[in-house]
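Enquirer: First the structure, then my questions, so here it is.
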Amino acid sequence: MVYDLIVIGGGPAGYLGAERAGHAGLNTLLIEKREVGGVCLNEGCIPSKTLLYSAKMYDNARFSEKYGVVSEKVTLDHNKVINRKNKVVKTLVAGVKAQLKKNNVTLVQGTGVITGRNNEGYEVKVDGESYIGKKLLIATGSVPIIPPIPGVKEGIEKGWVLTNREILDLKEIPDKLVIVGGGVIGLEMASYFNSAGSKVTIIEMLDHIAGNNDREISNLLMKNYEKKGITFKLSSKVTELKDGTVVYEIGGQTYTVEADKVLMSVGRRPATENIGLENIGVETERRAIKTDLRGQTNVPGVYAAGDVNGRSMLAHTAYREAEVCVNNMIGKKDIMRYNAIPYVIYTNPEVAGVGETEESAKEKGMEVDVANISMRYSGRYLAENEGGDGICKILVEKKTRRLVGVHMIANYASEIIYGAAAMIEMEMRVDDIKEIVFPHPTVSEIIREGIFFF
Ligand code: NAI
1077 MVYDLIVIGG GPAGYLGAER AGHAGLNTLL IEKREVGGVC LNEGCIPSKT LLYSAKMYDN
1137 ARFSEKYGVV SEKVTLDHNK VINRKNKVVK TLVAGVKAQL KKNNVTLVQG TGVITGRNNE
1197 GYEVKVDGES YIGKKLLIAT GSVPIIPPIP GVKEGIEKGW VLTNREILDL KEIPDKLVIV
1257 GGGVIGLEMA SYFNSAGSKV TIIEMLDHIA GNNDREISNL LMKNYEKKGI TFKLSSKVTE
1317 LKDGTVVYEI GGQTYTVEAD KVLMSVGRRP ATENIGLENI GVETERRAIK TDLRGQTNVP
1377 GVYAAGDVNG RSMLAHTAYR EAEVCVNNMI GKKDIMRYNA IPYVIYTNPE VAGVGETEES
1437 AKEKGMEVDV ANISMRYSGR YLAENEGGDG ICKILVEKKT RRLVGVHMIA NYASEIIYGA
1497 AAMIEMEMRV DDIKEIVFPH PTVSEIIREG IFFF
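Going by the numbering used here, the sequence shown wraps up at 1530, each residue one higher than the last.
What follows is the structure, given as structure tokens:
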């Protein structure tokens, strides 16, 4: 059977790309080896947010007295949390399947391997069955990086060392949880398990958590979590994992910490192995598929979107990249821009931002003015965050007076940040933003407050 488009991988890039292509009238085949929705829906964004919401509710109930609400005997039933998470995932997977069907996408379960090219198009085999696609969209996503630390492999085999997949299905809350890697996954999982009662230790190689995020905000997040009882070991190198103990070094000194479970969250890498890229000559660089801003690879008609291109590795970027790919396939000019992609860490408090940080602006030689203001300027924040110490940073380019970055640590930040992304995307200047009316009282008003500093 010859399809107009074969999509390999059914995560956010793959399923959305397939839906859009089907909607545009392309005869589309989607190949998925596990379950549609990919990592994001089945073992990433959605399940983790379900867990984190339970943790937030639990904490709100436990610490409600400061708001004048007395609650007693509050408990968290981890199994119920997991069951609810499974229900949410199941509902969403069914929703994605329904959308695919509605858009006339054919779904094939199995591992797709590109085997070559003939006059009609590209051949992809799934369990010996051959399919031809005039065009391809490669959206195979990413896999967790498993560092070659002695004991890690054995630990994984024994179920002592976990990745993002297994940790979301733990039957019991571990007494002692050690997390290797203080990035997004590590921080979000630390947040849930700390609330649920684990003694959490995060071991991070760098001298700060949360990667390239605004440093001051990362430090504030760390301070918040230290207060909640999480231990951070920074500038630390894990050298060995042996039954029940994690061995690590700081400045040449060796230390150990006991662990009932260990979470490996040291990053993810594009999933480009064993999919037959070499059979049609698709170029990769450090395992990522090389694409231009239209999502096009070096092979005509072959596109790649999502984590597999190694560019941004976020589900929301994947959605847009997939749209850009499909638009270009159907002859609509479209181009991907990466300067206004928001990021969120769904901790409590949340961290969110978009655009340049002070650090990234400096690296680019971009001169910026910065307003660094307390979230307590917002009446709604003050009303709802007893003792809150959130901040919001607003970055404006000196020369153009354009908004180039917004970063904040405060709850609701995840829901506010797209507004800032829209302003950056539209290249709005300070004076344009001053004309926008924000609803009052909302936490989003912090952007309006901040912009009046310029
Ligand atoms: P990450 O890249 O965010 O963080 C990995 C951390 O591990 C870094 O801080 C790094 O310095 C540290 N590290 C690396 N090797 C180490 C070692 N040997 N010992 C100690 N520390 C080490 O990766 P993470 O957290 O695994 O997340 C993977 C991907 O999942 C990210 O690319 C992210 O885009 C995505 N994700 C996004 C979320 C969100 O948007 N809220 C939530 C969860 C995941």
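Using N, Cα and C, we set each Cβ at its ideal position, and we do this for glycine too.
How is Asp-1445 classed by DSSP in three states: helix, strand or coil?
Expert: Mapped onto the sequence shown, residue 1445 falls at position 369. Here Asp-1445 sits in strand by DSSP.
Enquirer: Determine whether the beta carbon atoms of Thr-1217 and Gly-1259 lie at a separation below 7 Å.
Expert: In the sequence shown, counting from the first residue as 1, residue 1217 sits at position 141. In the sequence shown, counting from the first residue as 1, residue 1259 sits at position 183. Going by the sequence as given, residue 1217 is Gly instead of Thr. Contact flag unset, no.
Enquirer: Do Arg-1505 and Arg-1524 count as a contact pair if the criterion is CB distance below 7 Å?
Expert: Position 448 of the sequence shown, counted from the first residue, corresponds to residue 1524. Position 429 of the sequence shown, counted from the first residue, corresponds to residue 1505. No.
Enquirer: Counting along the chain, where does the beta strand (DSSP E) carrying Glu-1525 start and finish?
Expert: For this step, residue 1525 is matched to residue 449 along the sequence shown. No beta strand (DSSP E) holds Glu-1525; the alpha helix (DSSP H) holding it covers 1521 to 1527.
Enquirer: Could you have a look at Ala-1364 and say whether DSSP puts it in helix, strand or coil?
Expert: Locating residue 1364 in the sequence shown gives position 288, counting from the first residue. Ala-1364: strand per DSSP, three-state reduction.
Enquirer: Is it right to say Val-1174 is buried, meaning 16 or more other beta carbons lie within 10 angstroms of its own, or is it exposed?
Expert: Counting from 1 along the sequence shown, the entry for residue 1174 is found at position 98. According to the sequence as given, residue 1174 is Ala; it is not Val. Flag for Ala-1174 reads exposed.
Enquirer: Whole angstroms are fine: how far does the CA of Tyr-1419 sit from the CA of Asp-1383?
Expert: In the sequence shown, residue 1383 corresponds to position 307, counting from 1. In the sequence shown, residue 1419 corresponds to position 343, counting from 1. Each residue's Cα considered, the two are about 15 Å apart.
Enquirer: One question on the structure: do Ile-1351 and Val-1189 come within less than 7 Å of each other, judged by their Cβ atoms?
Expert: The residue you call residue 1351 lines up with position 275 of the sequence shown. The residue you call residue 1189 lines up with position 113 of the sequence shown. Yes, the Cβ-Cβ distance between Ile-1351 and Val-1189 is below 7 Å.
Enquirer: Ignoring anything shorter than 4 residues, give me the alpha helix (DSSP H) runs that lie fully in the stretch 1415 to 1478, in order along the chain.
Expert: Segments of the alpha helix (DSSP H) lying fully in the stretch 1415 to 1478: 1434 to 1440, 1455 to 1460.
Enquirer: The ligand NAI and Ser-1436: does the residue's C-beta get closer than 6 Å to at least one heavy atom of that ligand?
Expert: Here residue 1436 is taken as the residue at index 360 of the sequence shown, counted from 1. Flag unset: Cβ of Ser-1436 not near the ligand NAI.
Enquirer: Where does Met-1502 land, buried or exposed, given buried means 16+ other C-beta within 10 angstroms?
Expert: Translated into the one-based positions of the sequence shown, residue 1502 becomes position 426. It is exposed - the Cβ of Met-1502 has fewer than 16 other Cβ atoms within 10 Å.
Enquirer: Could you spell out where the alpha helix (DSSP H) holding Ser-1124 opens and where it closes?
Expert: Taking the first residue of the sequence shown as 1, we reach residue 1124 at position 48. Where Ser-1124 is concerned, the enclosing alpha helix (DSSP H) stretches over 1121 to 1138.
Enquirer: For Arg-1344, is the beta carbon positioned less than 6 Å from some heavy atom of the ligand NAI?
Expert: Taking the sequence shown and counting its residues from 1, the one referred to as residue 1344 is at position 268. Answer for Arg-1344: yes, Cβ within range of the ligand NAI.
Enquirer: Indicate, with yes or no, if the ligand NAI has a heavy atom lying under 6 Å from the CB of Gly-1606.
Expert: No statement about residue 1606 is possible, as the shown extent of the chain runs from 1077 to 1530 and does not include it.
Enquirer: Starting from Pro-1226, follow its DSSP beta bridges and name the residues at the other end.
Expert: As a working note, residue 1226 is residue 150 in the sequence shown. According to DSSP, Pro-1226 bridges with nothing at all.
Enquirer: Please find out if some non-hydrogen atom of the ligand NAI comes closer than 6 Å to the beta-carbon of Leu-1106.
Expert: Working through the sequence shown from its first residue, we reach residue 1106 at position 30. Checking every heavy atom of the ligand NAI against the Cβ of Leu-1106, none is found closer than 6 Å.
Enquirer: Specify, as a first and last residue, the run of the beta strand (DSSP E) that Thr-1167 falls within.
Expert: Indexing the sequence shown from 1 puts residue 1167 at position 91. That residue, Thr-1167, is in no beta strand (DSSP E); its alpha helix (DSSP H) goes 1154 to 1178.
Enquirer: Considering Cα atoms alone, identify which of Val-1112, Val-1115, Ile-1084, Gly-1098 is closest to Thr-1191.
Expert: Taking the first residue of the sequence shown as 1, we reach residue 1191 at position 115. Cα-wise, what sits closest to Thr-1191 is Ile-1084.
Enquirer: To the nearest angstrom, how far is the alpha carbon of Ala-1215 from that of Gly-1455?
Expert: Position 139 of the sequence shown, counting from 1, holds the residue named residue 1215. Position 379 of the sequence shown, counting from 1, holds the residue named residue 1455. Rounded to the nearest angstrom, the two C-alpha atoms are 44 Å apart.
Enquirer: With DSSP as the reference, please indicate the residues paired to His-1483 in a beta bridge.
Expert: Taking the first residue of the sequence shown as position 1, residue 1483 is located at position 407. According to DSSP, which records beta bridges pairwise, His-1483 is partnered with Gly-1429, Lys-1469.
Enquirer: Give the list of continuous alpha helix (DSSP H) stretches no shorter than 4 residues that lie fully inside the stretch 1248 to 1278.
Expert: With a minimum length of 4 residues, the continuous alpha helix (DSSP H) runs that stay inside the stretch 1248 to 1278 are 1260 to 1272.
Enquirer: For Gly-1101, count the other beta carbons within 10 Å of its own beta carbon; 16 or more makes it buried, fewer makes it exposed. Which is it?
Expert: As a position in the sequence shown, residue 1101 is number 25, starting the count at 1. Gly-1101 comes out exposed.
Enquirer: Tell me, which residues are paired with Met-1504 by DSSP?
Expert: Position 428 of the sequence shown, counting from 1, holds the residue named residue 1504. Paired residues: none, contrary to the question.
Enquirer: Return yes when the Cβ of Val-1314 is within less than 7 Å of the Cβ of Ile-1225, no when it is not.
Expert: For the purposes of this step, residue 1225 is identified with residue 149 of the sequence shown, where counting begins at 1. For the purposes of this step, residue 1314 is identified with residue 238 of the sequence shown, where counting begins at 1. Cβ distance < 7 Å, so Ile-1225 and Val-1314 count as in contact.
Enquirer: With a CB to CB cut of under 7 Å and the five nearest residues on each side skipped, what residues in its chain are close to Met-1298?
Expert: One-based indexing of the sequence shown puts residue 1298 at position 222. Only Ile-1285, Phe-1308 meet the Cβ criterion.
Enquirer: Hey, Val-1219 and Ile-1107: beta-carbon distance below 7 Å or not?
Expert: The sequence position of residue 1219 within the sequence shown is 143, counting from 1. The sequence position of residue 1107 within the sequence shown is 31, counting from 1. In this structure, Ile-1107 does not lie closer than 7 Å to Val-1219 by Cβ.
Enquirer: Tell me the residue span of the beta strand (DSSP E) that contains Ile-1190.
Expert: Translated into the one-based positions of the sequence shown, residue 1190 becomes position 114. Note, Ile-1190: beta strand (DSSP E), 1188 to 1193.
Enquirer: When you compare only the Cα positions, how much space is there between Val-1237 and Asp-1251?
Expert: Taking the sequence shown and counting its residues from 1, one reaches residue 1237 at position 161. Taking the sequence shown and counting its residues from 1, one reaches residue 1251 at position 175. If I take the Cα positions, the gap works out to 14 Å.
Enquirer: Looking only at C-alpha atoms, which of Glu-1325, Asn-1195, Lys-1304, Lys-1408 sits nearest to Lys-1132?
Expert: Working through the sequence shown from its first residue, we reach residue 1132 at position 56. Ranking Glu-1325, Asn-1195, Lys-1304, Lys-1408 by Cα distance to Lys-1132 puts Lys-1304 first.
Enquirer: Since Val-1323 sits in a beta bridge, which residues does DSSP pair it with?
Expert: Working through the sequence shown from its first residue, we reach residue 1323 at position 247. DSSP, once it has assigned bridges, lists Glu-1316, Thr-1332 as partnering Val-1323.
Enquirer: Mark Ile-1049 as exposed unless 16 or more other C-beta atoms lie within 10 angstroms of its C-beta, in which case mark it buried.
Expert: The structure shown does not extend to residue 1049, since the chain spans only 1077 to 1530, so no value can be given for it.
Enquirer: Any heavy atom of the ligand NAI closer than 6 Å to the beta-carbon of Met-1389?
Expert: Residue 1389 sits at position 313 when you count from the first residue of the sequence shown. The answer is yes for Met-1389.
Enquirer: Counting C-beta neighbours from all protein chains within 10 Å, is the total for Asn-1159 16 or more, i.e. buried, or is it exposed?
Expert: On the sequence shown, position 83 is the one that residue 1159 refers to. Per the 10 Å Cβ criterion, exposed.
Enquirer: Using only the alpha-carbon positions, how far apart do Ile-1249 and Glu-1399 sit?
Expert: Position 173 of the sequence shown holds residue 1249. Position 323 of the sequence shown holds residue 1399. Rounded to the nearest angstrom, the two C-alpha atoms are 40 Å apart.
Enquirer: Report the residue from Val-1112, Gly-1093, Val-1472, Gly-1113 whose alpha carbon sits nearest the alpha carbon of Thr-1104.
Expert: Here residue 1104 corresponds to residue number 28 of the sequence shown, with the count starting at 1. The residue with the shortest Cα to Cα distance from Thr-1104 is Gly-1093.
Enquirer: How about Leu-1127 and Tyr-1268: are their beta carbons less than 7 Å apart?
Expert: What you label residue 1127 is simply residue 51 of the sequence shown in a count that begins at 1. What you label residue 1268 is simply residue 192 of the sequence shown in a count that begins at 1. Result yes, Cβ atoms of Leu-1127 and Tyr-1268 sit closer than 7 Å.
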